[in-house]
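Taking it in order: structure first as structure tokens, then the write-up.
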Amino acid sequence: MAQVTAPVIDVTELTRRFDSKTALDSVTLSLPRGAVYGLVGANGAGKTTLIKHILGLLRAQSGSVRVFGLDPVADPVGVLSHIGYLSEENDLPGWMRVDELIRFSRAFYPAWDDGYAEELRQSFALDPAAKIKNLSKGQKARMGLLIALAYRPDLLVLDEPSSGLDPIVRRDILGAIIRTIAHEGRTVLFSSHLLEEVEQVADHVTMINHGKIVLSAPLEDIRESHRVDGRVPSLDEIFVARVGMSPAAAEE
Amino acid sequence: MLGVITYLIVLAGIKLVVIAHGTPIYLDSPESFAFVVMVPLTASFTYFLALFTFGLDGDLAARQSMFPARRFTLPLTTTALAGWPMLYGSVAIVLLWLALRTFALWPAGVELPTIWPALLAVSLLAWTQALTWMPYPLPGLRIIMAVLCLGTIDTTALLALHFHARGSLMIGIVAPQIPLAYIVGRIAVARARRGELPDWRGGFVRVAHIADALSHRREHFRSAASAQAWYEWRRYGSSLPAWVGILLPFELVLLWVAGDSTSLVFTILAGVLLTPPFVATFAAAAVSNSSSSASDSYVVTAFIATRPLTNAELVAAKLRMAMRSTVVAWLLVLVSIPIALKFSGTSAIVLDRWHRVGEIVGMPRAVVLSLLILAGCIALTWTQLVQSLYIGLTGRASLIKGSVFLVLGFFFLFGPFAEWIIDSRRLGEVWSALPLIFAVLVGLKMIAAVWIGVRLHDRHLVSDRTLVTGAACWSLAVFALYGVLIWLLDTPHIPHYLLMLIAILAIPLARLSAAPLALAWNRHR
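Here the protein sequences come in this chain order: Y and W. Note that this note's numbering has the first sequence beginning at 1, numbered continuously upward. Note that this note's numbering has the second sequence beginning at 1001, numbered continuously upward.
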């Protein structure tokens, strides 16, 4: 692990192109430890591309990415062993059983907490003998959440985790974020187009549009700076004011 | 199709042009004809079977129909859904046969009938389509049905040929099978479209429970590496042993009909021994696939890419799985051969030959030779499984598909080239040039290995210690093989440096070392 004082995520002048399309355009972002960061934007804005760079799944074409002070491409073990990751795609292996996936995941993380994993499994009502492929979408999301949380990672990365899920599962996910930050010094990066969710838990919001960061500041500062006639606008209204349309509307 | 026809036209053109200039290429012997024409044609026919059955996208062993489910929503009748792919396939197969008949058989002066072989090819395709699209009550039943059904069609045709059946009789035997296959194909698609999936697994509950209990992991893993190796084993490891297990009974049952024919017994045994490396060639496609899903994407999934393991550790897990898979497949072979020999009554023939070889070369030498052949076959199986990792792990569809076409192209060109060498009496020159050819190949291999080693080092994909250990192990294996070759081929006709070159070429190095580079290219895009 690198210096304790270094930001958890440090992205500098990151640019990424897919053929002629610029997915990320000179993105610079620095996230200190111990807060919940909401990354908001419409589909195709660049949220997932940014997160994939943070996980080392994409190599920086120009600029640099450091997580815990390390390059996630050069040192995947050093970075990934401290990250819990849950994505919208949730590509858990369908042939595994719940208990097998728990044992499998446990082997990769020395800090795995068996008691916490069992507590999460029970609270999420996951049958240990059930095959992953037979779980509902919500149960799969809970399973993904379990294996992302059970080793109490220093950084929890959630990429559109509640997309297409029912309110109860979304509540579980938000609860997980709150539980994670209850542990001192842990950090959450949470991407979503559902701004009311981000508003509930985020300390800091980064708005991204067409691969560019249009706004990045603490949520309270954003609200204060957009106060109109004494009324504090919602995050959705602020996003519309900045980008021209709501991310949820852009989804549709 | 165009590629195959072009190949045949080029072949016929070369043949005619060269004949015109007075140095003909003889394709008239069965061996040379098979080499130049039948091998590429068989490869093309097999590809057509896979293509027109949609077998490239599905799981052959699954109970579900392999007909693409997305097509069921098309506003078409079931007859049209099943009929058009069958018709397209039939037309393509007939065109393939006509191309062969026109451009390869005719210039080669081989006389074969036109109609019934085309009907036989169409029948084989139509039955394969029908059997592939049918939903089955048990996993693996599709493969058994296909082997039995296609084997029966082939055997019937071969028996008819053996007894010199007339063309009209052959047509009478083959032609009725085509409409029958079309009807079965239509029924199969109709059942799949209605979602019918019979399930007889209830009758095998006890077996299923045992299999489940055996495969269900209940203990904790010792390390992340062992967990990843288990994952690879569960995902891909059983393919090779399962296929070998399916094929072995069909091969070994031939020992019962071999009777006292020593040559037939040993031919069957050679076929059995070559089965694992042969099957491994096909199983390698699954092993080298970096995507854990059954989709046609080659990109490594986020689930695997975000494991806190190095690229070298992820590749090592695949290598360990391949080793385990090879051992299980060979255990099946080594257990079943003595049993089959004993109960078929052919063990006496094998023992008699064994004693005679022992008398000629000496028993210790015979034992060592046998063990070496066995070890060579096992090593070949493992090599076949892992040698394409460096392509498959790149996750680039164009590279993966391109490499397949390159290999096919190599075989297409190799045939005529080898034929030219043999026919133009240049074998002696080739033999003399072998040391130079091998030296060039060794040079290329070493340059590739150094290039890969430097990149592995620069990108920190492999530790210095691992690099040095790997190089030392490889050198040790080369010297061990060199020693064995000197001991085996102790003749003044083969210089020792040639044996050293062979040993260097035989032990895998560059392609295996490139696997972590390929995975890194895929994992960190």
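A virtual CB, placed ideally from N, CA and C, is assigned to each residue, including glycine.
What are the complete alpha helix (DSSP H) segments, minimum 4 residues, inside the segment 164–226 of chain Y? Taking only runs of at least 4 residues, the alpha helix (DSSP H) segments lying wholly in the segment 164–226 of chain Y are 167–182, 195–201 and 219–225.
Reducing DSSP to helix, strand and coil, say where residue 23 (chain Y) ends up. Here residue 23 (chain Y) sits in strand by DSSP.
Local conformation of residue 30 (chain Y) per DSSP, three classes: Here residue 30 (chain Y) sits in strand by DSSP.
Residue closest to residue 1235 (chain W), alpha-carbon to alpha-carbon, out of W:1223, W:1511, W:1334 and W:1317: Of the candidates W:1223, W:1511, W:1334 and W:1317, the residue whose Cα lies closest to the Cα of residue 1235 (chain W) is W:1317.
By the criterion of Cβ-Cβ separation under 9 Å, what are the contact partners of residue 1308 (chain W) in chain Y? The contacting residues are 76, 77, 78, 79, 80, 81, 82, 83, 108 and 109.
From the DSSP output, in three-state form, read off residue 1185 (chain W) for me. Residue 1185 (chain W) carries a helical assignment under DSSP once its states are collapsed to helix, strand and coil.
Hey, does residue 1398 (chain W) have any beta-carbon neighbour from chain Y nearer than 8 Å? Taking Cβ atoms only, chain Y never reaches closer than 8 Å to residue 1398 (chain W), which makes this a no.
Out of curiosity, what's the CA-to-CA distance linking residue 7 (chain Y) and residue 1473 (chain W)? Residue 7 (chain Y) and residue 1473 (chain W) have their alpha carbons spaced roughly 43 Å apart.
Using the beta-carbon of each residue, which ones in chain Y are nearer than 7 Å to residue 1301 (chain W)? The contacting residues are 91.
Is there contact here, the segment 1240–1248 of chain W with the segment 1320–1328 of chain W, by at least three beta-carbon pairs under 8 Å? The answer is yes - the segment 1320–1328 of chain W touches the segment 1240–1248 of chain W, with three or more Cβ pairs under 8 Å.
Just to confirm my understanding: we take residue 1510 (chain W), look at its own chain, exclude 5 residues before and 5 after, and list those with CB closer than 7 Å. What are they? The residues are 1445, 1448, 1449 and 1452.
Between which two residues does the alpha helix (DSSP H) holding residue 99 (chain Y) run? 98–106 is the extent of the alpha helix (DSSP H) around residue 99 (chain Y).
Using only the alpha-carbon positions, how far apart do residue 1480 (chain W) and residue 1085 (chain W) sit? When rounded, the distance between both Cα atoms is 54 Å.
N-terminal and C-terminal residue of the alpha helix (DSSP H) that residue 1361 (chain W) is part of: Where residue 1361 (chain W) is concerned, the enclosing alpha helix (DSSP H) stretches over 1347–1361.
Can you look up residue 36 (chain Y) in the DSSP assignment and give me helix, strand or coil? DSSP places residue 36 (chain Y) within a strand segment (E or B) once states are collapsed to three.
In terms of residue numbering, what span does the beta strand (DSSP E) encompassing residue 12 (chain Y) cover? For residue 12 (chain Y), the uninterrupted beta strand (DSSP E) run begins and ends at 9–18, by DSSP.
Would you list, in chain order, the members of the segment 34–58 of chain Y that have their beta-carbon closer than 7 Å to a beta-carbon of chain W? Listed in sequence order: 55, 56, 57 and 58.
So, does the segment 82–99 of chain Y touch the segment 1332–1342 of chain W, judging by three or more C-beta pairs under 8 Å? Segments in contact, no.
Which residues in chain Y sit within 7 Å of residue 1223 (chain W), going by Cβ to Cβ distance? Simply 107.
Does any residue of chain W have a CB that is nearer than 8 Å to the CB of residue 124 (chain Y)? Contact with chain W is absent for residue 124 (chain Y), since none of that chain's Cβ atoms lies less than 8 Å from the residue's Cβ.
Measure the Cβ-Cβ separation of residue 35 (chain Y) and residue 221 (chain Y) and say whether it is below 8 Å. No, these two residues do not count as a Cβ contact at 8 Å.
Does the distance from the CB of residue 216 (chain Y) to the CB of residue 29 (chain Y) come in under 8 Å? It is a contact, given that the beta carbons lie within the stated cut-off.
Round the Cβ separation of residue 101 (chain Y) and residue 132 (chain Y) to the nearest angstrom and send it over; I've been treating them as touching at under 8 Å. Their Cβ separation, rounded to whole angstroms, is 6 Å, which keeps residue 101 (chain Y) and residue 132 (chain Y) in contact under 8 Å.
Taking residue 1313 (chain W) as the reference, which of Y:62, Y:108, Y:25 and Y:136 has the closest Cα? Minimum Cα distance to residue 1313 (chain W) is reached at Y:108.
Residue 1543 (chain W) to residue 1285 (chain W) span [Cα, whole Å]: Because residue 1543 (chain W) is not part of the residues shown, which for chain W are 1001 to 1525, the question remains open.
Mind pulling the chain W residues with CB within less than 7 Å of residue 73 (chain Y)? The answer, in chain order, is 1524.
Just curious, the alpha helix (DSSP H) that residue 1231 (chain W) is in, first and last residue? Where residue 1231 (chain W) is concerned, the enclosing alpha helix (DSSP H) stretches over 1224–1232.
If the cut is a Cβ gap below 9 Å, which residues of chain Y does residue 1231 (chain W) touch? The answer, in chain order, is 93, 96 and 104.
Identity of the residue in Y:33, Y:11, Y:141 and Y:45 nearest residue 21 (chain Y) by Cα: The option with the nearest alpha carbon to residue 21 (chain Y) is Y:45.
Using three-state DSSP, classify residue 1396 (chain W) as helix, strand or coil. DSSP, reduced to helix, strand and coil, places residue 1396 (chain W) outside both helices and strands of the structure shown, so it counts as coil.
In its own chain, which residues sit with a C-beta less than 7 Å from the C-beta of residue 61 (chain Y), not counting the 5 before and 5 after it? The beta carbon of residue 61 (chain Y) lies closer than 7 Å to those of 15, 16 and 17 in the same chain, with the five residues before and after it left out.
By the 7 Å beta-carbon criterion, what residues does the segment 1303–1335 of chain W contribute toward chain Y? Listed by position along the chain: 1303, 1305, 1306, 1307, 1308, 1309 and 1310.
Ignoring anything shorter than 4 residues or poking outside the segment 1240–1301 of chain W, list the alpha helix (DSSP H) runs there in chain order. The qualifying runs are 1254–1258 and 1262–1287.
Check this for me: beta carbons of residue 1307 (chain W) and residue 80 (chain Y), under 8 Å apart or not? Closer than 8 Å, so yes.
From W:1252, W:1100, W:1125 and W:1041, residue whose alpha carbon lies closest to that of residue 1182 (chain W): Per the C-alpha coordinates, the member of W:1252, W:1100, W:1125 and W:1041 positioned closest to residue 1182 (chain W) is W:1125.
Assuming residue 143 (chain Y) contacts residue 135 (chain Y) under a Cβ cut-off of 8 Å, what Cβ separation, rounded to an integer in Å, is found between them? That pair is a contact at about 6 Å.
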